[in-house]
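J.: Supplied in structure tokens, the structure appears directly below.
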Ligand SMILES: NC(=O)c1ccc[n+]([C@@H]2O[C@H](COP(=O)([O-])OP(=O)(O)OC[C@H]3O[C@@H](n4cnc5c(N)ncnc54)[C@H](O)[C@@H]3O)[C@@H](O)[C@H]2O)c1
Ligand SMILES: NC(=O)c1ccc[n+]([C@@H]2O[C@H](COP(=O)([O-])OP(=O)(O)OC[C@H]3O[C@@H](n4cnc5c(N)ncnc54)[C@H](O)[C@@H]3O)[C@@H](O)[C@H]2O)c1
Ligand SMILES: [Zn+2]
Ligand SMILES: [Zn+2]
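Protein chains in written order, with the UniProt record's numbering: chain A, 1 to 375; chain B, 1 to 375.
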């Protein structure tokens, strides 16, 4: 059964001859075969998914492909951030090559951001670039990771340090599937939704403050929030595909967030990406206030909303303790936003007024972290 | 000591804001520090090389960098085609990240095509793309693999099946270092030099027939042959960077050649890449004659020249035996030049008249191979 087409939204990512559509709405997994078949020249697909998503949606997805005469193979990987590794990259590449996916065929990521990042990377390097379709199943993946072409895996030196830019040819965001997402993961994805408001959409942030319960519940408000988020990301990506400038704004909260993820060894029992981003966004607002850029009230407003939603907003909410400020600083310095030893940070002048600062003194960051770390 | 600048040639690869120079001539390793320092904003370099090249040139190269205030680390890998593997890709990425190579710093490949392909791939994925400098030390790498941005590793499913396009920022081809190359490797590289004549430069092929001894001996004729080859490759790459059309001509002899390399398990004791290309080019001419596209005399002329130089020209010269035609065909079909199941081949109407044929019947190829395979 397919939902009425009226509920469906389309966001276009404008990248010249590599432009693509993001379809957002209910019933897109059952409709996937038709949407893919109408766009793809080839008739072969390799589907990569994880052990949580497979029992819920893989059969439906494969059946939808089969109904349109598309031959598909699938590979199920362990769920979790640790799957973004060379080890699993090798197995995805191997499946894709074994399935003889050729230039007009495609590789599909059916899952959250972990599966999307890993599979996109494999698609980007198999035969030096194969077609790639994102079927994001987590809120985070639907509003963020599936759009924009950043792919990659983690290294012992830091998160996402190995990868390529490889744009998908299509994104199918089935909003129904978010109903099986754990509340914790839904909240984590919501942190990225709120992020778009905090970057440069104060009205959207205010709308979220009023309507977040409806977004969590499903239906029109959810579709609206996801479409607004995708549009925001699509605009930034179209303007700056390779992150030479404004795309860096999307990293609001992420410099601190990634350091916290590294410090907790990517252990999702302690911290998932969106939670790190939530704490990171609060820290970014507080640090901006400390630098006399923003009013402390903005930080308090952000903190209040994220706390109301149920997200962590301070480092002392991370179970298991954290390393000292200097070690966190070291993780920050190894992050991607470093040029010639200077620190690039996303700071803010208030809700919806973020900007790229590329001369943040390391000593200020360390002093700030010392203040904020649990004693 | 540096050779007079008059002997040095520069070929520019025209790719808009990713254009770069190939410097060709004697004394470029001792001069590397200066050439790099004048072009690079950063002051950190990771040098990747192999166990044959390291004892010969690594100290000189590191000293040249140091003299210009460039901080460098090095990694020495085993020599040979098997080094183009995920295992070694992981160690190169790890060295690059451990050295904290940032956006303005660079990764250097000091070696033959194996080191160049592997290191270029690592540079292409470390931090989603790092600066990359090729210092090719084999003839093959100087005239072919170091130019054009194709990078990659091998898979059990076939050669170069995993990789990215990642253009270097500079190529330094020191023609002196070819004096330590084994005669066999020099000949193998020469196959690629001859290839440019066979593709579309009949005059260059005729010049090589007369002057090949001088090219092997060194001096002006060698520099001339390398510069002509680099210019030929630069022209093709500038016209078709991603191999959507004419760049495929560079694969003359390679479809057969790669199948032979796969069939001999990339065992360089039996066959090196250029030898496979030499046999492959002769086969491509013979197959074209069989298809009534070219005169058999062209095939004989090509065979005569390559044999005179000392290259293998027929499959029965490969020690250790070959699998049956069907198995070779299978390796061909898994090669990159396959679209929707149809075979793309580079065929020829005669010396210097190659073209892309994308509808070659598989049955003809199998029948031809059966004829040519040693009984
Ligand atoms: N490429 C980018 O631009 C980008 C942007 C942001 C984040 N990321 C990356 O995304 C990753 C985080 O993504 P994520 O939060 O989706 O993580 P995830 O892929 O691990 O998914 C979270 C959990 O939810 C499960 N899950 C997914 N969909 C489900 C569903 N419909 N029902 C039930 N369970 C489901 C997964 O199995 C997993 O256990 C991180 O690795 C982060 O670095 C990438
Ligand atoms: N990227 C491309 O466009 C492209 C094009 C053609 C070939 N290739 C690849 O290039 C590889 C073959 O390159 P190759 O023939 O240079 O192989 P190679 O790198 O293995 O070098 C051949 C041998 O010569 C040694 N050597 C290199 N320079 C030397 C020197 N100056 N003195 C003494 N010994 C030296 C090496 O250690 C090695 O043992 C293959 O993997 C092939 O697929 C890539
Ligand atoms: Zn994020
Ligand atoms: Zn070659």
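We put the beta carbon where it would ideally sit given N, CA and C, even for glycine.
(1) Which residues, taken in chain order from the stretch 159–172 of chain B, show a beta carbon closer than 7 angstroms to some beta carbon of chain A?
(2) Just to confirm, is the Cβ distance from residue 167 of chain A to residue 39 of chain A under 7 angstroms?
(3) Ligand 3 heavy atoms versus the CB of residue 272 of chain A: any closer than 6 angstroms?
(4) Quick check on residue 251 of chain A: does DSSP put it in helix, strand or coil?
(5) Which chain B residues are close to residue 157 of chain A, counting only those with a beta carbon under 8 angstroms from its beta carbon?
(6) If you drop the 5 nearest sequence neighbours on each side, which residues of the same chain put their C-beta closer than 7 angstroms to that of residue 34 of chain A?
(7) Please classify residue 349 of chain A as buried or exposed, where buried requires at least 16 other C-beta atoms within 10 Å of its C-beta.
(8) Which parts of the stretch 19–86 of chain A are runs of the beta strand (DSSP E), unbroken and 3 residues or longer, counting only runs that do not cross its ends?
(9) Shorter than 6 angstroms, the distance from the beta carbon of residue 277 of chain A to the closest heavy atom of ligand 3, or not?
(10) Following the continuous alpha helix (DSSP H) through residue 111 of chain A, name the residue where it begins and the one where it ends.
(11) Would you say the beta carbon of residue 350 of chain A comes nearer than 6 angstroms to a heavy atom of ligand 1?
(12) Which partner residues does residue 134 of chain B have in the DSSP bridge list?
(13) Using 7 angstroms as the threshold, is the C-beta distance between residue 299 of chain B and residue 280 of chain B below it?
(14) Of the residues A/263, A/304 and A/310, which one's Cα is nearest the Cα of residue 324 of chain A?
(15) Is the beta carbon of residue 83 of chain B less than 7 angstroms from the beta carbon of residue 124 of chain B?
(16) List the residues of chain A that residue 128 of chain B touches, going by C-beta distances under 9 angstroms, in chain order.
(17) If we count the other Cβ atoms within 10 Å of its Cβ and call it buried at 16 or more, is residue 8 of chain A buried or exposed?
(18) Using only the heavy atoms of ligand 1, determine whether one of them is closer than 6 angstroms to the beta carbon of residue 248 of chain B.
(19) Could one say the Cβ of residue 204 of chain A lies closer than 7 angstroms to chain B's Cβ atoms, at least one of them?
(20) Alpha carbon to alpha carbon, how far is residue 15 of chain A from residue 296 of chain B?
(21) Quick check: the stretch 124–139 of chain A against the stretch 197–216 of chain B, are at least 3 beta-carbon pairs closer than 8 angstroms?
(22) Taking 6 angstroms as the cut-off, is the CB of residue 126 of chain B close to at least one heavy atom of ligand 1?
(23) From residue 334 of chain A to residue 154 of chain A, what distance separates their C-alpha atoms?
(24) Could you pull the start and end residues of the alpha helix (DSSP H) that residue 370 of chain B belongs to?
(25) Is the stretch 230–249 of chain A touching the stretch 42–51 of chain A in the sense that three or more CB pairs, one from each, lie closer than 8 angstroms?
(26) What residue from B/241, B/362, B/203 and B/172 has the CA that sits closest to residue 24 of chain B's CA?
(27) Kindly identify the DSSP beta-bridge partner or partners of residue 347 of chain A.
(28) Excluding the five sequence neighbours on either side, which residues of its own chain have a C-beta within less than 6 angstroms of the C-beta of residue 203 of chain B, listed in chain order?
(29) Quick one: what's residue 91 of chain A bridged to in DSSP?
(30) So is residue 144 of chain A buried or exposed if we call it buried at 16+ other beta carbons inside 10 Å?
(31) Between residue 433 of chain B and residue 20 of chain B, what straight-line distance do the alpha-carbon atoms span, to the nearest angstrom?
(32) For a contact defined as C-beta to C-beta under 8 angstroms, what are the partners of residue 124 of chain B on chain A?
(33) So is residue 1 of chain A in contact with chain B if we call contact Cβ pairs under 7 angstroms?
(34) In whole angstroms, what is the alpha-carbon distance linking residue 27 of chain A and residue 113 of chain A?
(35) Smallest Cα separation from residue 217 of chain B: which of B/183, B/32, B/37 and B/294?
(36) What is the DSSP secondary structure of residue 155 of chain A, reduced to helix, strand or coil?
T.: This is what the structure gives:
(1) Of all residues in the stretch 159–172 of chain B, those with a C-beta nearer than 7 angstroms to a C-beta of chain A are 161, 162, 163, 164 and 165, reading in chain order.
(2) Judged by beta-carbon spacing, residue 39 of chain A lies beyond the 7 angstroms limit of residue 167 of chain A, meaning their Cβ atoms are not closer than that value.
(3) When distances are taken from the beta-carbon of residue 272 of chain A to the heavy atoms of ligand 3, even the shortest one reaches 6 angstroms or more.
(4) helix
(5) 94, 97 and 98
(6) 68
(7) exposed
(8) 20–25, 44–50 and 71–77
(9) yes
(10) Premise fails: residue 111 of chain A lies in the beta strand (DSSP E), 106–111, not in any alpha helix (DSSP H).
(11) no
(12) B/109 and B/171
(13) Against a cut-off of 7 angstroms, the Cβ pair of residue 280 of chain B and residue 299 of chain B comes out as no contact.
(14) When each option's Cα is compared against that of residue 324 of chain A, the closest is A/263.
(15) no
(16) 150, 151, 152, 160, 161, 162, 163, 164, 165, 242, 243 and 336
(17) buried
(18) no
(19) Taking Cβ atoms only, chain B never reaches closer than 7 angstroms to residue 204 of chain A, which makes this a no.
(20) 49 angstroms
(21) no
(22) no
(23) 12 angstroms
(24) 362–372
(25) no
(26) Looking from the CA of residue 24 of chain B, the closest CA among B/241, B/362, B/203 and B/172 belongs to B/172.
(27) A/355
(28) none
(29) DSSP, once it has assigned bridges, lists no residue as partnering residue 91 of chain A.
(30) buried
(31) An answer regarding residue 433 of chain B cannot be provided, because it is not within the stretch 1 to 375 covered by chain B.
(32) 164
(33) For residue 1 of chain A, the pLDDT reaches just 45, beneath the cut-off of 50, and the residue's location in the model is therefore unreliable, although a value from the coordinates is still provided. Not one chain B Cβ lies under 7 angstroms of residue 1 of chain A.
(34) Their Cα atoms are separated by approximately 20 angstroms.
(35) When B/183, B/32, B/37 and B/294 are compared, the shortest CA-CA separation from residue 217 of chain B is found for B/183.
(36) strand
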